[in-house]
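Only one structure is covered here, and it is reproduced in the block below.
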Amino acid sequence: MSTQTYTPLNGAQSLIYTQTNLRRAFPDFEEGEVASIHLRNDHCIVAHIDGSHETYERQLVVNAYLDFRSRLKDFFSYLGPNYRGPSPWRNEMYVMFKGWHHAHALGHLSRNAQLQTLLADKFTRIQHEEELLALIQSDQTDIGHLVAPNGIRLQDRPISLDGELDDQPKSQPMRSEPYCSCGSFQSQFRHLSLFEKEIPGFKPDCIHLRWHRRWIQHLGQLTQVRNNARNGQPSNVVAWWYAPPSDGNSDGNFVLLHTKSGAQAPATHWRLYGRGKTFTQHDAWTLFNNMMEADYLPVPGKYLEQLKPFVKNNQLVSTNA
Ligand SMILES: [Zn+2]
């Protein structure tokens, strides 16, 4: 019987060396029946209720934690009403919508989705962060989060033309590192020095900031495709529709039509992409990336009147196109 005593896990360690992260690192690991988790040098020691012990490589649990914390959620996860991306608030902060409208076939009827529609254009009227957070993430609402992917920067003060040139106001960063109001980011932020001690070079991150980095890349690609086209009107276009799952658990249906004759081309000029294949929300990032690399511009199909007879409720009803 070992007489070695263990120091309890600190605030950062207890978020990293969890049963869930152990299972992510070691798929055979069985959750439950665990009496305690301790650290010894490079190892994570799991004591079971029956008195047995198992030893796991500490670094692999850390890697599993970091991977899960910054995993890329699907394209629709953080789009608001009308596929709206994060909306600028102030000080270079954005309101990032949770994808309530796209989570479920009836998701647009949920209270959170309806609140999003009601408030989406009104956030800029709110002055204070606490007030905004109370509206978007509270016991009553779960609309989204406040993210600052490039740090928080105070707005420029109005320039006075009478002022001295040397007094030109410059915007000052209040915080130069990325920031998110979500629980995961905040708990890393709270225990930052412990995390830094545990994981060299540690920076707080979360699924929202990860998604936002991918979103910025997506917007850059969109601009590139438009810039490559004459008059900014690409003739290579992909129209897409997304029908969320009806049960909220299975996958949705992602449908794409493509043409070489421009967005306004009549329906006879469009062809189904990937005939015989089915695509879901999990294919969206990759498909968008591939089409834009091939210089095709993606367009939400609901804006294309001439294709409406072919698609009802975001489901293709005819493959005539
Ligand atoms: Zn976050």
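Each residue of the sequence shown is one higher than the one before, counting from 0 in numbering that gives the first Met the number 0. Ideal placement from N, C-alpha and C gives every residue a C-beta, glycine not left out. Nothing here was measured: the structure is a model prediction, and the numbers come from that model.
Scanning 221, 141, 27 and 299 for the CA closest to the CA of residue 240 turns up 299. Secondary structure note for residue 56: it is in no alpha helix (DSSP H), and the uninterrupted beta strand (DSSP E) holding it is 52-56. Per DSSP, reduced to three states, the secondary structure at residue 125 is coil, with no helix or strand assignment.
Between the beta-carbon of residue 80 and that of residue 115 there is about 6 angstroms, and that keeps the pair under the 8 angstroms contact cut. Nearest in C-alpha terms to residue 283, of all of 258, 238, 196 and 62, is 238.
In the same chain as residue 190, and ignoring 5 residues on each side of it, the C-beta atoms closer than 6 angstroms to its own belong to 10 and 11, in chain order. Residue state for residue 88 is assigned as coil, using DSSP reduced to three classes.
For residue 253, the closest of 196, 278, 104 and 200 by C-alpha to C-alpha distance is 278.
Excluding its 5 nearest sequence neighbours in each direction, residue 93 has C-beta neighbours in its own chain below 7 angstroms: 85, 86, 87 and 146, listed in chain order. Cβ-Cβ separation between residue 5 and residue 37: approximately 4 angstroms, consistent with a contact (criterion under 8 angstroms).
In this structure, DSSP gives residue 99 a helical state, which the three-state scheme calls helix. A heavy atom of ligand 1 is found nearer than 8 angstroms to the CB of residue 208. The Cβ atoms of residue 141 and residue 228 lie no closer than 9 angstroms to each other. Listed in chain order, the beta strand (DSSP E) elements of length 3 or more contained wholly in the segment 259-319 are 296-299.
Setting aside the 5 residues that flank it on each side, residue 203 is surrounded in the same chain by 184, 187 and 188, each with a C-beta closer than 6 angstroms to its C-beta; the list follows chain order. In this structure residue 15 is not in contact with residue 45, their Cβ atoms being roughly 14 angstroms apart against a cut-off of 8 angstroms. Between the alpha carbons of residue 192 and residue 250 lies a distance of about 40 angstroms. Distances between the C-beta of residue 146 and the heavy atoms of ligand 1 include at least one below 8 angstroms. In this structure, residue 53 lies near residue 47, with their beta-carbon atoms less than 9 angstroms apart. Taking a C-beta distance under 9 angstroms as the contact criterion, residue 124 and residue 151 do not qualify as a contact pair. In this structure, residue 172 keeps its C-beta atom at 9 angstroms or more from the C-beta atom of residue 148. Membership of residue 231 in any alpha helix (DSSP H) is not indicated, and neither H nor E is assigned to it by DSSP. Residue range 182-189 is occupied by the alpha helix (DSSP H) that includes residue 182, with no beta strand (DSSP E) assigned at that position. Contact check for residue 132 and residue 122: beta-carbon distance about 11 angstroms, past the 8 angstroms limit, so the pair fails to qualify. Apart from sequence neighbours up to five positions away, the residues of its chain that approach residue 30 with a beta-carbon distance below 6 angstroms are 18 and 22, ordered along the chain.
Secondary structure of residue 113 (DSSP, three-state): helix.
DSSP places residue 21 in the uninterrupted alpha helix (DSSP H) bounded by 18-24.
Beta-bridge pairing by DSSP links residue 174 to 151.
Just measuring C-alpha positions, the residue of 234, 49, 90 and 263 sitting nearest residue 302 is 263. For residue 35, the enclosing beta strand (DSSP E) begins and ends at 33-39.
In the displayed model, residue 145 falls within a strand according to three-state DSSP. Here the distance from the Cβ of residue 43 to the nearest heavy atom of ligand 1 is not below 8 angstroms. In the DSSP secondary-structure assignment, residue 28 is not bridged to any residue.
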